[in-house]
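So the sequence shown is numbered by this note's numbering: it starts at -14 and just counts up by one. Glycine included, C-beta positions come from ideal geometry on N, C-alpha and C. Heads up: the structure comes next, in structure tokens.
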Amino acid sequence: MTNPRKVSIFGATGSIGQNTIDLIQRDREAYDVVALSGGRNIAQLAGDAIDLGAEVAVTAFDDCLPDLQAALEGTGIQAAAGQAALIEAADRPADWVMSAIVGAAGLAPGLKALEGGATLALANKESMVCAGPLVMATAKANGGSVLPVDSEHSAVFQALIGEDISAVERVIITASGGAFRDWPLEKLATATPEQAATHPNWDMGQRITIDSASMFNKALELIETKEFFDFSPSQIETLVHPESMIHALVGFNDGALMAHVGPPDMRHAIGFALHYPDRRMLPVERLDLAQIAQLTFRPADETRWPALRLAREVMETGGMAGAIFNAAKERALDAFIDKRIGFLDMAVVVERVLEQLSSTTGHIDAEFTLDNILDSDHLARTRADEIIAKL
Ligand code: NAD
Ligand code: MG
């Protein structure tokens, strides 16, 4: 028997984290769980840490520490809280680390895990958007690797296995279109957070679900595609595919299009990253295509979804534009969730922050270090808040 693999899960209490734990639970003997992290759902975090026999459980929030300590008392599992504790947990040796915190907060723990040479399963797309070159360089310098968990990127990764990357003409990232794809344009301004937080096909965290309705999620994914696979922006296309069965397509120079088809269940992409380079049995639905009967496609309309146009600008600009875009988006999303701004205002906020900071000399082109990225992130959040206050 081979030794159990040491695994850690950051963002363990979220949608991706729970799907990851589901796969680990099915084959408990194969894994030693090192660290689990979560936010305010202490009952979930402590319960999973106990079930999985983790070494340490970390809540992101200091004020949650007493509850976590109480829940873990007498178990021998260490309880910790805050940013420094997250980094310390990510520094513990692990073979495979799931990065599933939502937002730019996921960047630092993922980088720390890569510094230790781990395989980083990257659900946290914001890491690639804010810091793609740094993430890839850190993996390379320390003998670690990054595997995509976003379903579209897992699909592209799988379609590229055994292929010559120089034979790729284009990559097509599909989008369900989210909650409002069939709404008349005039009605979008009135969309509420509750309406935006229901996804037609996928069951995901609240923030990514709203980002799917605005297509900011797809915008992040276009940038993620460029950073992950090093394609040029002109090679990356978006296609609306309401059924969410085809996750991405790769087009080659002989005209072949390789599509990845599967049910909308993240356990496929998570399991693929967990077992790579092997393929193992996964508990996902087997599609009955005759029953499904048809798959449909529509163009991705940049008037309806300005986030897609902004993603193109960010890919063309490069440098810190991704970190600025993501941070402004996170603040605009917070403001929309709090009902301080409308649904369409989110793109207005992000566009204005990008305009303001792109013209700040020396900023966009700053060297790709974690400190510089966090500076850009901070500045973009401040600017976004100023703009939001005036809307
Ligand atoms: P979620 O909201 O369900 O879970 C987020 C996790 O991060 C939770 O454990 C939460 O406690 C933790 N967290 C939140 N704020 C934090 C902070 N400031 N510091 C540290 N931890 C914090 O989110 P999710 O849907 O699981 O998404 C996680 C990541 O995976 C996101 O980057 C998302 O874009 C990506 N992703 C998700 C899906 C999906 O199906 N849910 C698919 C593809 C990619
Ligand atoms: Mg995705």
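Distance between residue j and residue i (C-alpha atoms, nearest Å)
| i | j | result |
| --- | --- | --- |
| ALA258 | ASN109 | 14 Å |
| GLN68 | ALA34 | 19 Å |
| PHE46 | PRO178 | 25 Å |
| THR237 | ARG155 | According to the sequence shown, residue 237 is Phe rather than Thr. Going by the C-alpha atoms only, they are around 7 Å apart. |
| HIS184 | THR210 | 22 Å |
| ALA15 | ALA39 | 14 Å |
| VAL18 | HIS348 | 41 Å |
| PRO94 | GLY102 | 13 Å |
| PHE201 | GLY59 | 44 Å |
| ALA122 | ARG337 | 31 Å |
| ALA42 | SER219 | 43 Å |
| ASP273 | LYS97 | 42 Å |
| VAL235 | ALA160 | 15 Å |
| PRO291 | PHE328 | 12 Å |
| ASP319 | ASP196 | 11 Å |
| PHE214 | ASN311 | 19 Å |
| GLN180 | ALA164 | 7 Å |
| ILE326 | LEU376 | 7 Å |
| ILE157 | ALA55 | 49 Å |
| GLN279 | ARG294 | 29 Å |
| GLN3 | ALA20 | 14 Å |
Ligand 2 heavy atom lying under 7 Å from the CB of residue i
| i | result |
| --- | --- |
| SER199 | no |
| GLU352 | no |
| ASP135 | yes |
| GLU206 | yes |
Where residue i falls, given that 16 or more other Cβ within 10 Å makes a residue buried
| i | result |
| --- | --- |
| SER344 | exposed |
| HIS363 | exposed |
| LYS125 | exposed |
| ILE277 | exposed |
| ALA306 | buried |
| VAL246 | exposed |
| THR(-13) | exposed |
| GLY240 | exposed |
| PRO249 | buried |
| GLU315 | buried |
| THR5 | buried |
| SER(-7) | buried |
| LEU242 | exposed |
| GLU212 | buried |
| PHE282 | exposed |
| ARG368 | buried |
Near ligand 1: residue i beta-carbon under 7 Å from a heavy atom
| i | result |
| --- | --- |
| SER139 | no |
| ARG283 | no |
| ASN311 | no |
| MET383 | Residue 383 is absent from the structure shown; the chain starts at -14 and stops at 376. |
| GLY95 | no |
| SER0 | yes |
| GLY(-4) | yes |
| GLY307 | no |
| LYS203 | no |
| MET331 | no |
| LYS211 | no |
| ARG192 | yes |
| ILE86 | yes |
| TRP290 | no |
| GLU58 | no |
| LYS110 | yes |
Beta-carbon contacts of residue i that lie in its chain and below 7 Å, excluding the five residues immediately before and after
| i | result |
| --- | --- |
| GLY162 | VAL225, PRO227 |
| LEU8 | ARG252, ILE255, GLY256, LEU259 |
| ALA140 | HIS232, ALA233, HIS245 |
| ASP350 | GLY304 |
Chain-order list of residues whose beta-carbon lies under 8 Å from that of residue i (same chain, five-residue window excluded)
| i | result |
| --- | --- |
| CYS49 | GLY24, ARG25, ILE27, ALA66 |
| SER144 | Sequence inspection shows Ala at residue 144; the Ser mentioned does not correspond to that position. Once the five neighbours on either side are set aside, the close Cβ partners of ALA144 are ALA233, LEU234, VAL235, MET243, ALA244, HIS245. |
| GLN341 | ARG368 |
Own chain, CB closer than 6 Å to residue i, minus 5 neighbours either side, in chain order
| i | result |
| --- | --- |
| LEU57 | ALA31, ALA64 |
| ILE358 | CYS115, ALA116, ALA308 |
| GLY129 | LEU99, GLY102, ALA103 |
| ALA296 | ALA204, LEU207, ILE208 |
| ASP52 | ILE27 |
| VAL269 | PRO248, ASP250, ARG252, HIS253 |
| ALA74 | ALA20, VAL41, VAL43 |
| SER361 | MET305, ALA308, ILE309 |
Interface flag, residue i vs chain D, CB-CB below 8 Å
| i | result |
| --- | --- |
| ALA93 | The structure shown contains no chain D, having only a single protein chain. |
Segment contact flag, the region 315 to 335 with the region 54 to 72, C-beta cutoff 8 Å, min 3 pairs:
no
Can we say the region 192 to 199 touches the region 238 to 255, given the rule of at least three CB pairs closer than 8 Å?
no
The region 168 to 178 touching the region 263 to 281, judged by at least three CB pairs closer than 8 Å
no
Report yes or no: do the region 119 to 134 and the region 145 to 154 share at least 3 C-beta pairs separated by less than 8 Å?
no
Do three or more CB pairs link the region 79 to 89 to the region 108 to 122 at distances below 8 Å?
Segments in contact, yes.
With three or more C-beta pairs closer than 8 Å as the rule, is the region 73 to 83 touching the region -9 to 7?
yes
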